[in-house]
Structures are given as structure tokens and as C-alpha cells.
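Residue numbers (the numbering used here): 214 to 279.
For each residue, glycine too, the CB sits at the ideal point set by N, CA and C.
Here's the structure we're looking at; comments come further down.
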Amino acid sequence: MSIREQEVSREMAFMLHNTPVGRIGNPEDIAAMVEFLMGPGAGFITGTDILVDGGVTAFLKTVKRE
């Protein structure tokens with residue numbers, strides 16, 4: 214979906230080009246987070262949003278808007 218969106222949206226193309234991880238996410242990225250959250254290592258995590266976005270949100274906070 215992101216690949217198609219970057220073809221028609223300048224903003225999406227900019228985000229994808231500047232993703233700190235350097236690639237588009239895939240279903241396995243989400244599955245890995247779900248697996249972690251279901252395991253014992255996440256037993257103390259409650260009430261938070263976990264961004265699985267390759268660093269895009271953090272990057273966009275550094276970009277000056279025109």
C-alpha cells in the first residue's frame with residue numbers, strides 16, 4: 214500500500230525516502246512486535262502506543278514545515 218501511495222503522494226514519497234531504517238515495513242515487522250507483546254518480556258508494558266514505523270515519526274518531528 215505504501216509503495217502505491219508514494220507514486221501519487223509527494224509527502225509519502227518523502228517519508229519513505231527518508232525512513233531511518235531505510236526500507237518499507239512488512240507484515241513480519243508487525244508480527245515480531247505482537248510476538249514480543251504476547252511474551253513474558255512484555256509483562257510490565259501497559260497503556261502505551263508502540264510505533265512500528267521504522268523511525269518515520271521521530272524523523273518527521275525534526276523536519277521543518279513550510
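TODO: Look at the alpha carbon of Leu264 and the alpha carbon of Ile243, and state the distance between them as a whole number of angstroms.
DONE: Straight-line Cα distance between these residues: approximately 10 Å.
- [ ] Could you check which residue in Gly267, Pro253, Leu273, Ala245 has the C-alpha nearest to that of Arg236?
- [x] Gly267
Task: Where the alpha helix (DSSP H) through Ile243 begins and ends - done: 240-251
- [ ] Consult DSSP for Asp276 and reduce its assignment to one of helix, strand or coil.
- [x] Just to set this straight, residue 276 is Val in the shown sequence, not Asp. DSSP places Val276 in coil when its eight states are reduced to three.
- [ ] Could you pull out every residue in the same chain whose Cβ sits closer than 8 Å to the Cβ of Thr259, ignoring the five residues on either side in sequence?
- [x] none
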